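Numbering (UniProt numbering), first residue to last: 1 to 498. Working notes, structure below.
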């Protein structure tokens, strides 16, 4: 059996390693003795301090302060309505025989929408027309009778005049001639007188006949008028068997079908004028002066609307009227605004329709050249707002008051003694835990781009407390918050309480 044996160590190599270790220890001790009691040079100390500061400085992203036009913007939600919307009700009862339009069809005023069974009404109209013709014929006959009576009067008048001349001649011959009693006898004179008297009676009878003929003609004309009224009534009844559109617009609903029986209390169509749209919303009474002042000064408030059904489209509008009274229950007043159906881009960009829920934005004031920064640059401690400025590598706190704001920017009003100018760089990222005088290092453009991508998540949590406070303030407003039925009102500049 074989056994391994440890190698033998050379005594000379072992002593060599010990000599090297001792030399190294002696060198270390010597170097330590050389530096003991000596101070560092100023250059070395400054470099060390600079490195320490660089390691301790917070890395931040900044954006320069700029001037922008800021506006006071009121927002509310409301339902789009048609200026004219009418329920079409039949003007007669009957059986529906034809339905000529469907929901969504464009119709013109007077266009036929449906027809009812009108056979009886058609016959009644024809009967009345025949009666009218008969009455007109009777008028013609009466007119002929009047003409005949006038002709007889003329004849009787001529006969009377001739009989009067004969009588006067006979009387003259009887009383005034050379032989008074020889040429005309008394009997002839009496006969002439009798003929004259008969002519007078015939003339009187002819005059009575003329009056009778004229009366008959008047009665005939009255019959014509009555027949005309009867015919017009029958025509109107027949016309009522046709259901027509009262306005130009679009068929919003159809509630009738062929074969159904309708009456005059049953709406069968609803016509909406989609070209003339409006919305009605309510605002708190504290804003009444804003609407009246702006409307008097510049001819109307700037109003726009957006709808989820037309993403990206902005519809212009105008304030049509403001209620002069305040609702005692809600403490709000009613506002009616007209809206354009299509946006400026044209119909292809979308269209508003009655019934859509729209968000209304109203500009009540403008401040051009306002000092503004992104909303995320403003921080709050209690009721005090401030921004942090990167000034020479050091964070400086500037107290501000918030003015008008929009979705991205907020107007800054400097508190007494605060200093902030256009171009100063305010911290938007990395300033959460900074204190006054802390060292900061501004990131480059790539760092800013990366930070902007991270802001979406951080901004929601950063302003969560603020949103809760605003919601609490609106809830505390009670009836004065301005919400009407079917609308929700907000003021994007509620922070501007000054």
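For glycine and all other residues, C-beta sits at the position ideal for the given N, C-alpha and C. Predicted, not measured: the structure shown is a model, and the values here were computed from it.
Nearest-angstrom Cα separation, counted from residue j out to residue i
i	j	result
residue 169	residue 188	11 Å
residue 429	residue 370	23 Å
residue 196	residue 140	35 Å
residue 324	residue 284	13 Å
residue 153	residue 207	6 Å
residue 99	residue 243	9 Å
residue 409	residue 311	23 Å
residue 432	residue 287	36 Å
residue 129	residue 144	23 Å
residue 333	residue 317	19 Å
residue 238	residue 118	6 Å
residue 301	residue 291	7 Å
residue 289	residue 327	16 Å
residue 204	residue 175	30 Å
residue 442	residue 360	40 Å
residue 57	residue 69	35 Å
residue 65	residue 378	12 Å
residue 427	residue 393	12 Å
residue 97	residue 261	10 Å
residue 383	residue 347	47 Å
residue 498	residue 59	Only weak support is given to the placement of residue 498: the predicted model assigns it a pLDDT of 34, under 50, and the question is left unresolved by the model.
residue 113	residue 265	17 Å
residue 345	residue 337	21 Å
residue 67	residue 421	10 Å
residue 437	residue 419	16 Å
residue 125	residue 137	18 Å
residue 263	residue 331	43 Å
residue 212	residue 111	51 Å
residue 417	residue 329	45 Å
Neighbourhood of residue i by C-beta, 6 Å cutoff - its chain only, sequence neighbours within 5 removed
i	result
residue 135	223, 224, 227
residue 255	268
residue 353	none
residue 192	166, 167, 170
residue 219	none
residue 91	240
residue 313	343, 349, 350
residue 199	159, 160, 163
residue 106	250
residue 270	87, 252, 253
residue 309	356
Selection from the options that minimises the alpha carbon distance to residue i
i	options	result
residue 147	107, 290, 214, 68	214
residue 127	231, 279, 427, 424	231
residue 201	326, 58, 156, 173	156
residue 319	362, 376, 75	362
residue 282	190, 203, 124, 75	75
residue 246	198, 145, 89	89
residue 424	342, 58, 62	62
residue 85	355, 174, 261, 350	355
residue 95	131, 276, 120, 416	120
residue 368	405, 346, 384, 347	405
residue 435	116, 125, 131, 395	395
residue 499	335, 67, 331, 330	A query on residue 499 cannot be resolved here, the shown segment of the chain reaching from 1 to 498 and no further.
residue 131	115, 229, 212	229
Whole-angstrom C-beta distance between residue j and residue i, which should lie under 8 Å
i	j	result
residue 278	residue 236	No, residue 278 and residue 236 are not in contact; Cβ-Cβ is about 35 Å, not under 8 Å.
residue 390	residue 440	5 Å
residue 273	residue 93	Incorrect: roughly 28 Å between the Cβ atoms, too far for contact.
residue 397	residue 388	6 Å
residue 194	residue 184	Between residue 184 and residue 194 the Cβ distance is about 15 Å, and since that is not below 8 Å, they are no contact.
residue 321	residue 275	In fact, because the Cβ distance is near 19 Å, the residues do not count as touching under 8 Å.
residue 108	residue 248	5 Å
Cβ neighbours of residue i in the same chain (closer than 7 Å, five flanking residues each side left out)
i	result
residue 365	71, 72
residue 150	210
residue 386	379, 397, 398, 399, 400
residue 375	405, 408, 409, 410
residue 221	139
Spatial neighbours of residue i in its chain, beta-carbon cut-off 8 Å, leaving aside the 5 residues before and after
i	result
residue 104	250, 251
residue 358	77, 78, 79, 80, 279, 305, 306, 307, 315, 339, 352
residue 233	128
residue 217	139, 142, 143, 145, 146
residue 257	96, 99
residue 115	96, 97, 98, 100, 241, 242, 243
Check: Which parts of the segment 49-132 are runs of the beta strand (DSSP E), unbroken and 3 residues or longer, counting only runs that do not cross its ends?
Finding: 58-64, 66-82, 85-88, 94-99, 112-116
Note to self: At 3 residues or longer, what runs of the beta strand (DSSP E) sit wholly inside the segment 281-326?
What the structure shows: 302-307, 315-322
Next item on the list: Tell me the start and end of each unbroken alpha helix (DSSP H) in the segment 379-449 that is at least 4 residues and wholly inside, in chain order.
Entry: none
Checklist line | alpha helix (DSSP H) runs contained entirely in the segment 129-198, provided each spans 4 or more residues | finding: 180-183
Item checked: Uninterrupted beta strand (DSSP E) stretches inside the segment 327-383 (no shorter than 3 residues) -> 332-339, 357-374, 378-381
Item checked: Inside the segment 244-281 only - beta strand (DSSP E) runs reaching at least 3 residues -> 249-254, 269-272
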